[in-house]
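Participant:
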Amino acid sequence: MGLYEDNLKGFILALLSSVFIGASFIIKKKGLRRAAAVSGVRAGYGGYAYLLEPLWWVGMFTMIVGEVANFVAYAFAPAILVTPLGALSIIVSAVLAHFMLKEKLHQLGVLGCVMCISGSVIIVIHAPQESPITSVQEIWIMATQPAFLLYLGSVIVLVVLLILYFAPKCGHTNVLVFTGICSLMGSLSVMSVKALGTALKLTFEGNNQLVYPETWFFVFIVVTCVITQMNYLNKALDTFNTAVVSPIYYVMFTSLTILASVIMFKDWDGQDTGSIISELCGFIAVLCGTIVLNSTKDSDRGSSFRSGHAPPSPTLSTGLFNGVRESPKHDEENVVLPDEICLRKQEQY
Numbered sequence: 001m002g003l004y005e006d007n008l009k010g011f012i013l014a015l016l017s018s019v020f021i022g023a024s025f026i027i028k029k030k031g032l033r034r035a036a037a038v039s040g041v042r043a044g045y046g047g048y049a050y051l052l053e054p055l056w057w058v059g060m061f062t063m064i065v066g067e068v069a070n071f072v073a074y075a076f077a078p079a080i081l082v083t084p085l086g087a088l089s090i091i092v093s094a095v096l097a098h099f100m101l102k103e104k105l106h107q108l109g110v111l112g113c114v115m116c117i118s119g120s121v122i123i124v125i126h127a128p129q130e131s132p133i134t135s136v137q138e139i140w141i142m143a144t145q146p147a148f149l150l151y152l153g154s155v156i157v158l159v160v161l162l163i164l165y166f167a168p169k170c171g172h173t174n175v176l177v178f179t180g181i182c183s184l185m186g187s188l189s190v191m192s193v194k195a196l197g198t199a200l201k202l203t204f205e206g207n208n209q210l211v212y213p214e215t216w217f218f219v220f221i222v223v224t225c226v227i228t229q230m231n232y233l234n235k236a237l238d239t240f241n242t243a244v245v246s247p248i249y250y251v252m253f254t255s256l257t258i259l260a261s262v263i264m265f266k267d268w269d270g271q272d273t274g275s276i277i278s279e280l281c282g283f284i285a286v287l288c289g290t291i292v293l294n295s296t297k298d299s300d301r302g303s304s305f306r307s308g309h310a311p312p313s314p315t316l317s318t319g320l321f322n323g324v325r326e327s328p329k330h331d332e333e334n335v336v337l338p339d340e341i342c343l344r345k346q347e348q349y
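Residues 1 to 349 (full-length UniProt numbering) make up the sequence shown, in order.
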């Protein structure tokens with residue numbers, strides 16, 4: 001299935017979004033480190049000193065630009081096309097982390113990059129064409145269908161459990177807690193962003209959708225979800241290694257978003273089995289490439305440590321099951337706080 005005009009616009013915007021968002025991860029993390037070094041309280045432990053750090057705001061501005069491009073992309077193309085292209089932000093993040101954070105990218109990481117790009121190309125080629133939507137009320141009907149309401153209820157229950165029970169108990173030792181909250185809320189925010197983007201697109205075309213209360217309800221959902229995402233993403237980035245947070249967040253967020261989109265917008269209705277299988281294969285290739293990219297990056301750090309050049313860094317699987325925290329890389333950017341000493345002793349191999 002070839003590219004449609006709207007799909008092409010969404011594809012280009014999604015590419016630009018990945019570049020900006022990938023860069024924002026690194027810039028914001030450097031800002032978080034500097035803020036922690038000055039205040040002595042990390043964001044992962046409730047510190048908000050990063051709000052006074054200019055570098056963090058540069059990263060936030062970069063992320064906003066990327067999110068705006070992503071927002072517009074959803075107005076033109078289906079989520080099953082736009083969301084997996086976020087893997088390219090992982091590539092951008094990995095390359096910049098190599099130079100700016102000294103998180104060395106293993107040579108085999110190139111294989112991961114190739115897999116991500118190849119999978120993205122497959123998804124783009126076989127992406128479905130959306131059914132035309134003429135009003136935000138049509139989207140509201142989709143959002144209130146029983147299947148999506150069941151998904152919505154499940155997400156709300158899980159988020160409440162993660163925030164109220166698991167976050168205080170093991171949020172700083174298990175990377176799945178913070179990233180899980182971000183991913184679950186992210187899937188809802190994407191559905192609302194797509195609804196809002198479509199409403200604005202129709203409005204600019206002369207069919208005013210701002211008069212409908214459904215439009216403003218979607219605005220409220222977007223704001224609520226994005227604020228929650230940003231808060232817990234900051235906690236995740238400050239608490240765990242970027243190489244652990246990025247792939248786990250991408251895999252969970254993308255999988256949940258595609259699931260939500262398939263349920264709400266019925267992206268696969270009308271597609272032949274071959275196209276659906278191709279999209280799934282492309283998605284699997286992207287996931288595998290993401291894991292290879294980050295695991296080989298960590299493997300290279302481990303080999304450097306055995307040679308006596310650098311401390312060990314957690315692998316993806318270690319971070320997933322044991323919640324390995326960020327280890328210091330630069331004296332001027334990291335401050336080892338008293339309450340972290342005993343934790344870091346447990347993190348070393």
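Think of the CB as a built atom: it goes at the ideal place given N, C-alpha and C, for glycine as much as any other residue.
Computed from a predicted structure; not experimentally measured.
F217 by DSSP, collapsed to three states: which one?
Facilitator: To locate residue 217, count along the sequence shown from 1; it is residue 217. In the structure shown, F217 sits in a helix (DSSP, three-state: H, G or I).
Participant: Assuming V244 contacts L237 (C-beta within less than 8 Å), just tell me the rounded distance between them.
Facilitator: If you number the sequence shown from 1, residue 244 lands on position 244. If you number the sequence shown from 1, residue 237 lands on position 237. Going by Cβ atoms, the distance from V244 to L237 rounds to 10 Å, so no, they are not a contact pair.
Participant: I need the boundaries of the alpha helix (DSSP H) containing D6, first residue and last residue.
Facilitator: On the sequence shown, position 6 is the one that residue 6 refers to. Segment 5-39, the alpha helix (DSSP H) holding D6.
Participant: Apart from the five residues on each side of it in sequence, which residues of its chain come closer than 7 Å, Cβ to Cβ, to Y232?
Facilitator: Translated into the one-based positions of the sequence shown, residue 232 becomes position 232. Counting only Cβ-Cβ distances below 7 Å, and skipping sequence neighbours, we find F178, I181, C182.
Participant: Rank F61, S39, A49 by C-alpha distance to the C-alpha of I27 and give the top, closest one.
Facilitator: Position 27 of the sequence shown, counting from 1, holds the residue named residue 27. Of the candidates F61, S39, A49, the one whose C-alpha sits nearest the C-alpha of I27 is F61.
Participant: Would you say Y250 and G119 are within 8 Å of each other, going by their C-beta atoms?
Facilitator: Here residue 250 corresponds to residue number 250 of the sequence shown, with the count starting at 1. Here residue 119 corresponds to residue number 119 of the sequence shown, with the count starting at 1. No, these two residues do not count as a Cβ contact at 8 Å.
Participant: Closer than 8 Å, CB to CB, is I163 near chain C or not?
Facilitator: Any reference to chain C falls outside this structure, which holds one protein chain only.
Participant: Taking the continuous alpha helix (DSSP H) assigned at K266, which residues delimit it?
Facilitator: In the sequence shown, residue 266 corresponds to position 266, counting from 1. First-last for K266: undefined, no H or E at that position.
Participant: How big is the Cα-Cα spacing for K9 and A73?
Facilitator: Counted from its first residue, the sequence shown places residue 9 at position 9. Counted from its first residue, the sequence shown places residue 73 at position 73. Rounded to the nearest angstrom, the two C-alpha atoms are 7 Å apart.
Participant: Just to confirm my understanding: we take G323, look at its own chain, exclude 5 residues before and 5 after, and list those with CB closer than 6 Å. What are they?
Facilitator: As a first step, residue 323 must be located in the sequence shown, where it is residue number 323. Unreliable placement is indicated for G323, whose pLDDT of 44 sits below 50; the coordinate value is still reported in the next sentence. The answer, listed in chain order, is T173, N174, V175.
Participant: With respect to the alpha helix (DSSP H) encompassing M60, which residues constitute its N-terminal and C-terminal limits?
Facilitator: One-based indexing of the sequence shown puts residue 60 at position 60. Looking at the DSSP string, the run of the alpha helix (DSSP H) that includes M60 is 54-76.
Participant: When the distance is taken between beta carbons, is G112 closer than 8 Å to T290?
Facilitator: Numbered from its first residue, the sequence shown carries residue 290 at position 290. Numbered from its first residue, the sequence shown carries residue 112 at position 112. Cβ distance < 8 Å, so T290 and G112 count as in contact.
Participant: Would you call the segment 212-228 in contact with the segment 135-153, where contact means no fewer than 3 C-beta pairs closer than 8 Å?
Facilitator: Cβ pair count under 8 Å is three or more, so yes.
Participant: Would you decide whether D267 is buried or exposed? Buried here means 16 or more other CB atoms lie within 10 Å of its CB.
Facilitator: The sequence position of residue 267 within the sequence shown is 267, counting from 1. D267 comes out buried.
Participant: Using a threshold of 8 Å, state whether the C-beta atoms of T198 and I133 are closer than that.
Facilitator: Walking along the sequence shown from the start, residue 198 turns up at place 198. Walking along the sequence shown from the start, residue 133 turns up at place 133. Yes, Cβ-Cβ distance for T198 and I133 is below 8 Å.
Participant: Please classify S154: is it buried, with 16 or more other beta-carbons within 10 angstroms of its beta-carbon, or exposed?
Facilitator: To locate residue 154, count along the sequence shown from 1; it is residue 154. Exposed.
Participant: Flag this pair as yes or no: are the beta carbons of S93 and T242 separated by less than 8 Å?
Facilitator: Your numbering for residue 93 matches position 93 in the sequence shown. Your numbering for residue 242 matches position 242 in the sequence shown. For S93 and T242, yes; Cβs fall inside 8 Å.
Participant: Do L256 and G192 count as a contact pair if the criterion is CB distance below 8 Å?
Facilitator: By 1-based counting over the sequence shown, the position of residue 192 is 192. By 1-based counting over the sequence shown, the position of residue 256 is 256. Note that residue 192 is Ser in the sequence shown, not Gly. For S192 and L256, no; Cβs fall outside 8 Å.
Participant: Closest to F76 by C-alpha separation, out of L32, R33, L196, M264, would be which residue?
Facilitator: Position 76 of the sequence shown holds residue 76. Comparing Cα positions, the closest option is L196.
Participant: Got a sec? Which residues, its chain only, sit under 7 Å from W56 by beta carbon, not counting five neighbours each side?
Facilitator: For the purposes of this step, residue 56 is taken as residue 56 along the sequence shown, with counting starting at 1. Only K28, G31, L32, A35, Y50 meet the Cβ criterion.
Participant: Quick one: which unbroken alpha helix (DSSP H) runs of 4-plus residues sit fully inside the segment 72-133? Chain order, please.
Facilitator: List check, alpha helix (DSSP H) in window: 79-82, 87-96, 109-126.
Participant: Given a threshold of 16 other Cβ atoms within 10 Å of its Cβ, counted over all protein chains shown, does K102 qualify as buried or as exposed?
Facilitator: Within the sequence shown, numbered from 1, the residue matching residue 102 stands at position 102. With fewer than 16 Cβ atoms within 10 Å of its Cβ, K102 is classed as exposed.
Participant: Quick one, which of I64, A97, V58, S17 has its alpha-carbon nearest L293's?
Facilitator: To locate residue 293, count along the sequence shown from 1; it is residue 293. Closest by alpha carbon: A97.
Participant: Which word fits S303, buried or exposed, when buried means at least 16 other C-beta atoms lie within 10 angstroms of its C-beta?
Facilitator: Locating residue 303 in the sequence shown gives position 303, where the first residue counts as 1. Low confidence applies here, because S303 scores a pLDDT of 47, under 50, leaving its location unreliable; read the following figure in that light. It is exposed - the Cβ of S303 has fewer than 16 other Cβ atoms within 10 Å.
Participant: Identify the continuous alpha helix (DSSP H) that holds Q137 and give its terminal residues.
Facilitator: Translated into the one-based positions of the sequence shown, residue 137 becomes position 137. 136-143 is the span of the alpha helix (DSSP H), which, as asked, contains Q137.
Participant: Would you kindly check if the distance between the Cβ of S278 and the Cβ of H126 is under 8 Å?
Facilitator: Residue mapping note: residue 126 aligns to position 126 of the sequence shown, counting from 1. Residue mapping note: residue 278 aligns to position 278 of the sequence shown, counting from 1. Yes, they are a contact pair.
Participant: Give the secondary structure of Y212 by DSSP, where H, G and I count as helix, E and B as strand, and everything else as coil.
Facilitator: Within the sequence shown, residue 212 is the residue found at index 212, counting from 1. In the structure shown, Y212 sits in coil (DSSP, three-state: anything other than H, G, I, E or B).
Participant: Which two residues bound the contiguous alpha helix (DSSP H) that contains S173?
Facilitator: Within the sequence shown, residue 173 is the residue found at index 173, counting from 1. The sequence shown places Thr at residue 173, rather than the Ser named in the question. Looking at the DSSP string, T173 is not in any alpha helix (DSSP H), and its letter there is neither H nor E.
Participant: Looking at C-alpha atoms only, which residue of T224, M100, G171 is the closest neighbour of G22?
Facilitator: By one-based count along the sequence shown, residue 22 stands at place 22. G22 has its Cα closest to that of M100, out of T224, M100, G171.
Participant: Helix, strand or coil: which one does DSSP assign to G274?
Facilitator: For the purposes of this step, residue 274 is taken as residue 274 along the sequence shown, with counting starting at 1. In this structure, G274 counts as helix in the three-state DSSP scheme.
Participant: Given this structure, state the Cα-to-Cα distance separating D208 from L200, to the nearest angstrom.
Facilitator: By one-based count along the sequence shown, residue 208 stands at place 208. By one-based count along the sequence shown, residue 200 stands at place 200. Looking at the sequence provided, one finds Asn at residue 208 rather than Asp. Their backbone Cα atoms lie some 8 Å apart in a straight line.
Participant: State the CB to CB distance for the pair I64 and G282, rounded to an integer number of angstroms; the pair is presumed to be in contact (CB under 8 Å).
Facilitator: As a first step, residue 64 is located in the sequence shown; it is residue number 64 there, counting from the start. As a first step, residue 282 is located in the sequence shown; it is residue number 282 there, counting from the start. Wrong, their Cβ atoms sit about 29 Å apart, outside the cutoff.
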